[in-house]
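Below is one structure, written out as structure tokens, with a few remarks after it.
Protein chains in written order, with the UniProt record's numbering: chain A, 1 to 151; chain B, 1 to 844.
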């Protein structure tokens, strides 16, 4: 686990090297492992953020922001889990846009996506990694990332 | 653009042919040099007169309309309800009855024809009608409601069409034909006999070789028909449908040449004796002939349009083949049907038991097809018609039984005679334009869009080109929904994992998972939230409520037939008040409560279930409501108890999962207050029973349901609806409404409704017992989905906003007040927060 954590930290540093909170990311337990059945999602409230946590058929867990970026409603956890090719996906229950569970990228509209969080199962509980107060990144139309503070 | 127009075209008449002419001129006049004024006498734009009868069985005026969107703009104007009164050929103007004067450089007369009413005394009495326009049909429909019995004078193509219409209106119908057989112009004696038997089997009375002497008025509005050599009959109404006469009066008055027996004389460019005036369609006498069919009219419209804009197109003698599909009887004739050519030979196949008669007319050396007649089975019509005038490849008898090998169809063979589309044009649409199904060939070439008789041939051409339209459900299944249904039903597999492992690939998606969920539910595989099935459901089914735009849900309890006691009404009011919900009466006679969070749903259901309510399945692809009027219980016009029937039907089919949502209606009389014909199945009371209509819908493309069966008793009605629903559920595509499903049956089998009758009435496929059993099983095992969740702790535990904070309501849900009720607060239009694809994710 430690190595995983380090890998993520280094990524976050690369993404936002000057963000003071980059080192304050924390794993939060959200529920018991058995609470999340395969190919289902649940919503969790972590530090005031709504996180959608999913489990695939193979047992992998993923976490995305619960907010559907197209409608603005916090509903992604209620989407249908599946695959597109080899990509594990969730389809928004609103208008069925499909998101890559690993990255939050919208496969139907690559310019838009949702924030992805770390997720793991540890000691019988599902945990998500929430990057403290790290400013979320925004991607412009070219897909290039830039650091933008979002209120 | 129109200010540049320097030429003025006036078109008199806006029927199918007049409209085609306008479109043909617009197509050719790319520089928009012509300003077009169309003057139509009827109060509505051009409509499909060929399909006129369908107006009586539910097709709306809008659906019949043949004017494309955007056809009329500032450079092309249509005035409806404006009959032209006179033409001043010297001043080059026309004057309408309303006094409008329009100048022209070119004038096209498309005044059509009027029904021929034989000069029988009494033909103008009240209760006598003609069959030509939508207004005529409105008048006929009104009279039919009280007529009881009626007679159609004329046993030709139009007469049988009218008889079919009267019959569909519940009128006991006679057909009177002067000639010794029905359809004398199209079929021979043998075909006429077969036709007569078929028509009589359907309950119509046929009188051939009968001349009507006079019509007498009886007391109470009834009419007596007196014949020369037969007993008189008494009826409630008379419809004349004995042929047409060209409407040439305007041309006569203007001094244009007309034929001895009527019709405006035109040359092979469709030009009249005045070089500035053309005539097209049924008012024109072309090559000494009046054509009473739309296909030659279209051809003339193309020719005249070409000439008007300066071309040199020529009208040649035209195909007068006809295929009729009415009263459930196929009738077709083509080419030299009567073997009039010198030495013509006739090859005849007759099966009196099956009611099939086929005749092929060939040259004396049996080398060339001249024409033919088909009664009872006209499936080879399109294929055989294309053979006329071509050297015979196969033996005539083989041709008659199996049809030509379609690969032998050369590119010039005309496949669609209505729209004049050749086999080559269709092949090119398939090969060059990428058309891969009947619908796209129709859209691309217009073939198959008028009478539809060539659709089977289009399908053959599609199949030969190697195009296989994909019916795969999605990337995870190569099977269509119907195939998947069969597989699941036959194999007994009831888990998605096993289904996709054995018959698909990957782990599914938002397309195949709900489809499989629906199939499993239709097969009665337990509660939809049981085990693995829960993960297949779309959010509405997952929460047994309808998701709204802010992530809250609406709750709709079932109110069978729209009948609700005051006590229950009060409960709904109290629940909505106590949970702060917005309430609205739905379009389906129920009450919708909006604004519930997922964590509130069980408590809301508890209150409703305790008061005797159950889920209304407003969230599911399932039966929604059976709408009703109060019927004979309260209404002074009602003839049957529509409310009781609606409640019975709604309770019978509640919870039935299907490819699309299903709605129904029951009206207690022909006033149709329940709007039953706008539903998937609609029932309308008659004096003696129930009339069943199938395949209507509201929504994006509204469509009226078509009459399927009349005067049914309740048991027979329920049996037919059971089988209709089950057959639809098993064979429809995903999200295919019953109307689209019936249209697909049309494309597949010719007459979709006729095919459905053969399957669910005559049991041609031998599956009726199976369909009945499946519906009984559904009815027997129905259980309320809300109550089942309330009794199951594990299912209940999923109804929380947050898994780690079950008592915290979703803070993102905010309401404002409008007209004293809540509504979702508008979301701030904020930028979309996003994690770049470079942000690595941890895995377990």
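Each residue gets a CB set at the ideal place from its N, CA and C atoms; glycine is no exception.
Using Cβ-Cβ distances below 8 Å, what residues of the segment 14–43 of chain B are close to chain A? none
Do residue 813 of chain B and residue 550 of chain B have their C-beta atoms within less than 9 Å of each other? yes
Close beta carbons around residue 211 of chain B, own chain, < 8 Å, minus the five adjacent residues each side: 178, 227, 228, 229
Considering only residues of the same chain and omitting the five flanking positions on each side of residue 528 of chain B, which have a CB-CB separation below 7 Å? 517, 521, 537, 541, 785
Would you call the segment 249–267 of chain B and the segment 279–291 of chain B touching, i.e. three or more CB-CB distances under 8 Å? Yes, since at least three Cβ pairs between the segment 249–267 of chain B and the segment 279–291 of chain B fall closer than 8 Å, the two stretches touch.
Does the distance from the C-beta atom of residue 54 of chain A to that of residue 71 of chain A stay below 9 Å? no
From residue 380 of chain B to residue 747 of chain B, what does the alpha carbon distance come to, in whole angstroms? Roughly 15 Å between the two C-alpha positions.
Would you call the segment 561–576 of chain B in contact with the segment 762–775 of chain B, where contact means no fewer than 3 C-beta pairs closer than 8 Å? no
What does residue 541 of chain B touch in chain A if you count any residue whose Cβ is under 9 Å from its own? The contacting residues do not exist; residue 541 of chain B stays about 11 Å from chain A at best.
Hey, out of B:189, B:453, B:201, whose CA is closest to residue 209 of chain B's CA? B:189
Start-to-end residues for the alpha helix (DSSP H) that takes in residue 741 of chain B: 738–749
CB of residue 299 of chain B within 9 Å of CB of residue 244 of chain B, strictly: No, the Cβ-Cβ distance between residue 299 of chain B and residue 244 of chain B is not below 9 Å.
Closer than 8 Å at the beta carbon, the chain A residues around residue 49 of chain B: What residue 49 of chain B touches in chain A: nothing, since even the nearest Cβ is about 42 Å away.
Segments of 3+ residues assigned as beta strand (DSSP E) that fall wholly inside the segment 192–234 of chain B: Correct list: 205–207, 212–217, 223–227.
Residue range of the beta strand (DSSP E) that residue 124 of chain B falls in? No beta strand (DSSP E) holds residue 124 of chain B; DSSP gives it neither H nor E.
Cβ of residue 124 of chain A less than 9 Å from any chain B Cβ? So, not an interface residue.
Count the other C-beta atoms from every protein chain shown that fall within 10 angstroms of the C-beta of residue 797 of chain B, then say buried if there are 16 or more, exposed otherwise. exposed
Residues near residue 316 of chain B by beta carbon distance below 6 Å, same chain, minus five either side: none
Run through chain B and tell me which residues come within less than 7 Å of residue 45 of chain A, C-beta to C-beta. 802, 804, 805, 808
What are the uninterrupted segments assigned as alpha helix (DSSP H) that are 4 or more residues long and contained completely in the segment 420–505 of chain B, given in chain order? As far as the segment 420–505 of chain B is concerned, its whole alpha helix (DSSP H) runs of at least 4 residues are 423–431, 438–445, 455–464, 481–491, 496–503.
Give the interface partners of residue 34 of chain A over in chain B, defined as CB-CB distance under 8 Å, in chain order. Near residue 34 of chain A there are no residues of chain B at all, since even the closest Cβ is about 11 Å away, more than 8 Å.
Once the 5 residues before and after residue 461 of chain B are set aside, which same chain residues still bring their CB inside 6 Å of it? 426
Using beta carbons (cut-off 9 Å, strictly below), is residue 50 of chain A in contact with chain B? With its beta carbon less than 9 Å from one in chain B, residue 50 of chain A belongs to the interface.
Quick check on the burial criterion: 16 or more other C-beta atoms within 10 angstroms. Buried or exposed for residue 804 of chain B? buried
If you draw a straight line from the C-alpha of residue 811 of chain B to the C-alpha of residue 609 of chain B, how long is it? 28 Å
Hey, is residue 98 of chain A's beta-carbon within less than 9 Å of any beta-carbon in chain B? yes
DSSP beta-bridge partners for residue 16 of chain B? Paired residue(s): none; residue 16 of chain B is not in a bridge.
Within chain A, the residues that residue 510 of chain B reaches when beta carbons sit closer than 8 Å: 79, 80, 82, 91, 96, 98
Quick one: what's residue 593 of chain B bridged to in DSSP? Per DSSP, B:555, B:583.
What does residue 75 of chain A reach in chain B if we use C-beta pairs closer than 8 Å? 539, 547, 551
Starting from the Cα of residue 602 of chain B, find the closest Cα among B:778, B:800, B:634, B:642 and give me that residue. Nearest of B:778, B:800, B:634, B:642 to residue 602 of chain B, Cα basis: B:800.
Buried or exposed by the 16-neighbour rule on C-beta atoms within 10 Å, applied to residue 401 of chain B: Using a 10 angstroms sphere on the CB of residue 401 of chain B, the tally of other CB atoms stays under 16, which defines it as exposed.
Pull up the distance between the alpha-carbon of residue 21 of chain A and that of residue 439 of chain B, whole angstroms please. Low per-residue confidence applies at residue 21 of chain A: pLDDT is 45, beneath 50, and the placement is therefore not dependable, though the value from the model is reported in the following sentence. Rounded to the nearest angstrom, the two C-alpha atoms are 59 Å apart.
Residue-chain proximity (residue 22 of chain A, chain B), Cβ-Cβ < 9 Å: Residue placement at residue 22 of chain A is flagged as unreliable, the pLDDT there being 46, under the threshold of 50; the coordinate-derived value follows with that caveat. Output row for residue 22 of chain A: interface = no.
If we define contact as Cβ-Cβ less than 9 Å, is residue 42 of chain A a contact residue for chain B? With a threshold of 9 Å between beta carbons, residue 42 of chain A makes contact with chain B.
Any chance the CB of residue 375 of chain B is under 8 Å from a heavy atom of the ligand FAD? The ligand FAD is absent from the structure shown, which contains no ligand whatsoever.
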